[in-house]
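Participant: Residue 237 in numbering that gives the first Met the number 0 sits at position 238 of the sequence shown; the count goes up by one each step and never skips.
Okay, here's the structure, questions in a sec.
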Amino acid sequence: MNNLKGRKFLSAFDFIREEILKLFKDTDLLKNGPKKKLLKDKKIAVLFMKPSIRTRVSFEVGMYELGGTALILGPDEVGMGKREAPKDVARVLSRMVDCIVARVFSHNIIEELAEYADVPVINGLSDHEHPCQAYSDIFTIKEVFQTLENIKIVFIGDGNNVARSLLYTCSIMGIEFILISPKNYSLTEEDLLKANKNKFKIKYRVYNKIEKELIKDADCIYTDVWASMGKEAEKEERLRIFSKFQVNERIMNWTKAETIFMHCLPAHRSEEVTDEVIESIKSKVFLQSENRLHFQKALLWNIIK
């Protein structure tokens, strides 16, 4: 198995199946075992161009529990891409911290940071991918079902960065992935071709209508907001287009008794999902939110030198 020390994590494709399973094993260890100061005196910088309660708290608390320090830098403090070039930020921080986490609008920025940094760089979210979310979500599914064998995920909604990273991760882990989204809001042919290059030859399908036959045997129903940050100008149009793609009690009643519901949060209740579904016994949204902390601790432990 490859050593993860010093590795970047920009895309779900950056690790292979055996490495992901190693991360999951360590996630379980750090979640359920005694807390140890495994990164004592280590420091990370967390750069925010986009806000997020889960990304900030999970990395900040995670480093605290591991014995290290997380320096939180907001957009006004750095002005990355405006006041200071990402490549300069990367080289400055590389001399002061042991890892850089960045939550950005453009994926090009995270790639530039990684190119010029001498320390590991983690994608905390970009417009193209959200790999920390996808990996921790698959860990949550494994935790709930105690296996990843014969798992089927149905993602209903926008073919966005979360859907893309989930597709990529499923292709690595051999998980069936179905996307149900309006026409012109699906993942791209390039995304699907990338996913199919993995040895498992992922079973994926894309549909433009929610039908009982597509979801009745799903193990997980997943959705996300219809208008992500940066797409607020499209919100009214998206509300109209996506109105038939809401996850509600009628949809969940088509599924198995053990089927779970997931959402990466924040949720716009009464839009992409109803309050009844989020508050239902099938909902695992707060478990998956908690698992961001545990997975990212495992990730940091493995990649920081």
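Don't be surprised by glycine CBs; every beta carbon is placed ideally from N, CA and C.
#1: In chain order, what residues of the same chain have a beta carbon less than 8 Å from the beta carbon of Leu147, not counting five sequence neighbours either side?
#2: Check whether the Cβ atoms of Lys243 and Thr258 lie closer than 9 Å to each other.
#3: Looking only at its chain, what residues have a beta carbon closer than 6 Å to the beta carbon of Ala69, apart from the 5 residues adjacent to it on each side?
#4: Evaluate Met311 with the Cβ neighbour count: other Cβ atoms within 10 Å of its Cβ, from every protein chain shown; 16 or more gives buried, anything less gives exposed.
#5: Sorted by chain position, which residues of the same chain lie with C-beta nearer than 8 Å to Asn159's C-beta, five sequence neighbours on each side aside?
#6: For Asn247 and Ser170, what's the separation of their Cα atoms in angstroms?
#7: Start and end of the alpha helix (DSSP H) containing Cys169?
#8: According to DSSP, which residues form a beta bridge with Met79?
#9: What does Ala297 pair with, by DSSP beta-bridge criteria?
#10: What residue from Tyr167, Glu236, Asn107 and Lys182 has the CA that sits closest to Lys202's CA?
#11: Buried or exposed: Thr187, going by 16 or more other Cβ atoms within 10 Å of its Cβ?
#12: Going by C-alpha to C-alpha distance, which of Glu270, Ser279, Phe23 and Asp274 sits closest to Gln145?
#13: With DSSP as the reference, label Glu175 as helix, strand or coil.
#14: Once the 5 residues before and after Leu121 are set aside, which same chain residues still bring their CB inside 6 Å of it?
#15: Please go through the same chain and pick out, in chain order, the residues whose beta-carbon is closer than 7 Å to the beta-carbon of Met0, but skip the five residues on each side of it.
#16: Between which two residues does the alpha helix (DSSP H) harbouring Leu192 extend?
#17: Looking at the secondary structure, which residues open and close the alpha helix (DSSP H) in which His106 lies?
Facilitator: Taking the definition as stated:
#1: If the five residues before and after Leu147 are omitted, its C-beta is found closer than 8 Å to the C-beta atoms of Ile137, Ile140, Lys141, Met172, Gly173 and Ile174, all from its own chain and listed in chain order.
#2: Contact: no.
#3: For Ala69, where only same-chain residues beyond five positions count, the Cβ hits under 6 Å are Ile43, Val45, Phe58, Glu59 and Met62.
#4: Since the first and last residues shown for the chain are 0 and 304, residue 311 lies out of range.
#5: These residues qualify, in order along the chain: Asp223 and Ser227.
#6: In a straight line, the C-alpha of Asn247 is about 28 Å away from that of Ser170.
#7: From DSSP, the alpha helix (DSSP H) with Cys169 extends over Asn160 to Met172.
#8: Residue pairing by DSSP places Met79 opposite Glu83 in a beta bridge.
#9: Answer is none; Ala297 lacks a bridge partner.
#10: Closest in C-alpha terms to Lys202, from the list Tyr167, Glu236, Asn107 and Lys182, comes Tyr167.
#11: Under this definition Thr187 is an exposed residue.
#12: Per the Cα distances, Phe23.
#13: DSSP places Glu175 in strand when its eight states are reduced to three.
#14: The question names Leu, but residue 121 in the sequence shown is Ile. Excluding positions up to five away in sequence, the list reads Phe8 and Val100.
#15: Reliability of the predicted coordinates at Met0 is poor, the pLDDT of 47 falling under 50, and no value is obtained from them.
#16: Counting along the chain, the unbroken alpha helix (DSSP H) around Leu192 starts and ends at Glu188 to Ala194.
#17: Element bounds for His106: His106 to Tyr115.
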